[in-house]
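Peer 1:
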Amino acid sequence: MKNILLFVSLMFCGTLTANTSQPTTTLTEQQQEQALQQLKEPMYRPLMERYVLDELKSLRQDQQKLREDVTLQLTHKQLDAADRALTYTTDTINNVLFIITATASLLVLAGWNSLRDIKNKVEETVNDRVGDITAEYEQRLGTLEEKLKERSEEILNNQRKITITNEIHSLWMRANLESDMQGKIEMYDEILKRHPDDVEALVYKADALLELEQTGPAINLCNQALEIDSDYGYAYWQRACAYAMLEQQADAIADIKMALAYSPNLKNELTHEPSFQVLESNPSFKELVEHW
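Positions 53 to 344 (the working numbering) are the ones given, in order, by the sequence shown.
1. Helix, strand or coil for Y284, going by three-state DSSP, please let me know.
2. Is the beta carbon of L264 closer than 8 Å to that of M233?
3. If you measure between the beta carbons of N218 and L111, is that distance less than 8 Å?
4. In this structure, does DSSP put N334 in helix, strand or coil?
5. Is Q300 helix, strand or coil by DSSP?
6. Under three-state DSSP, which class holds T323?
7. For a test of the three-state rule: what should DSSP assign to S204, helix, strand or coil?
8. Excluding sequence positions up to five away, which residues of its chain have a Cβ less than 6 Å from the Cβ of E242?
9. For L261 versus P269, is the C-beta distance shorter than 8 Å?
10. Given a cut-off of 8 Å on the beta-carbon distance, is the pair K309 and L273 in contact?
11. Under a Cβ-count criterion, where at least 16 other Cβ atoms within 10 Å of its own Cβ denotes burial, should A294 be classed as buried or exposed?
12. Suppose the cutoff is 6 Å on Cβ atoms and the five residues either side in sequence are ignored; what does the same chain contact list for I207 look like?
13. Going along the chain, which residues of its own chain have a beta-carbon closer than 6 Å to the beta-carbon of M297, five neighbours each way excluded?
14. Rounded to whole angstroms, what is the Cα-Cα separation between Y288 and E238?
15. My guess is that A137 and Y189 are in contact by the Cβ rule of under 8 Å, so how many angstroms apart are they, rounded?
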């Protein structure tokens with residue numbers, strides 16, 4: 053934000069310098085005010101949008117790089133496990149062959165007369181040993197594969213959470229820059245699609261609806277937020293504003309008390325909230341103002 057404001061200031065100074073080299077025309081105060089009123093949006097708004105787009109592009113690039121790194125690491129681990137299993141199997145078979153050769157030599161020296169018996173015994177021994185080794189490594193590889201799958205799912209889930217968090221952060225930034233209430237509501241709806249239990253998004257959407265005098269939907273959103281988090285003071289505050297707009301003064305004062313109990317910092321807004329102007333003649337509201 054500071055960099056953007058500095059850039060706008062430099063461009064403004066450069067414009068002033070260029071204008072000093074040309075004949076200047078004196079404008080009256082009324083003409084200057086009319087020129088300012090004709091501005092439909094802040095001059096720095098395109099720069100803000102460009103900043104948000106650059107941030108989103110950077111996040112997408114980081115996520116792509118993370119996905120590539122994870123895939124490469126998983127591939128290397130699988131290859132290493134297969135190489136170790138193959139090496140161990142080869143060494144074991146070589147050792148078995150050496151043992152068989154030594155055993156056959158001893159049997160010949162001991163006086164065995166049937167080479168067929170020796171062959172059958174060797175084949176049986178080799179088959180049993182190879183079968184045991186194969187079963188053992190199949191079990192180990194199966195266990196390793198399950199662990200790799202669990203780890204991969206965990207990494208993908210974390211990546212999805214990071215992506216959703218980044219998207220929600222971007223939507224909050226866009227909502228803060230949006231001046232149109234309907235536009236803000238659309239941003240809050242996008243946030244709630246990604247995180248339906250976002251209490252803050254529910255309450256801020258209710259605030260925007262109150263600006264459009266839609267008290268009924270605003271009260272429903274506040275009730276929904278309080279079902280999720282009954283200690284969120286700002287939800288009571290917004291519901292009190294809606295009740296005040298409907299002239300339900302008793303309900304409004306009750307919610308104001310709850311809001312101040314959970315969020316004492318709202319006391320500074322008690323006398324400045326436009327929705328509470330209808331309560332100024334209410335004795336309970338006066339007592340509440342004096343108490344806080």
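No residue lacks a Cβ here, since even glycine has one placed at the ideal position from N, Cα and C.
Peer 2: So, from the data block:
1. In the three-state reduction of the DSSP assignment, Y284 falls in the coil class, being assigned neither a helical nor a strand state.
2. Yes, Cβ-Cβ distance for M233 and L264 is below 8 Å.
3. Yes, the pair counts as a contact, with Cβ atoms nearer than the cut-off.
4. Coil at N334, not helix or strand.
5. Residue state, collapsed to three classes: coil.
6. Collapsing the DSSP output to three states places T323 in coil.
7. In the three-state scheme derived from DSSP, where H, G and I count as helix and E and B as strand, S204 is classed as helix.
8. For E242, same chain residues with a beta-carbon under 6 Å away, outside a window of 5 residues either side, are L223 in chain order.
9. Pairing L261 with P269 gives a Cβ-Cβ distance under 8 Å.
10. No; because the gap between Cβ atoms is not below 8 Å, this pair is not in contact.
11. It is buried - the Cβ of A294 has at least 16 other Cβ atoms within 10 Å.
12. Beyond the five residues adjoining it in sequence on each side, I207 comes within less than 6 Å, by CB distance, of V122 in the same chain, given in chain order.
13. Counting only Cβ-Cβ distances below 6 Å, and skipping sequence neighbours, we find T267, S327.
14. One alpha carbon belongs to Y288, the other to E238, and they sit about 23 Å apart.
15. Confirmed, Cβ separation roughly 5 Å.
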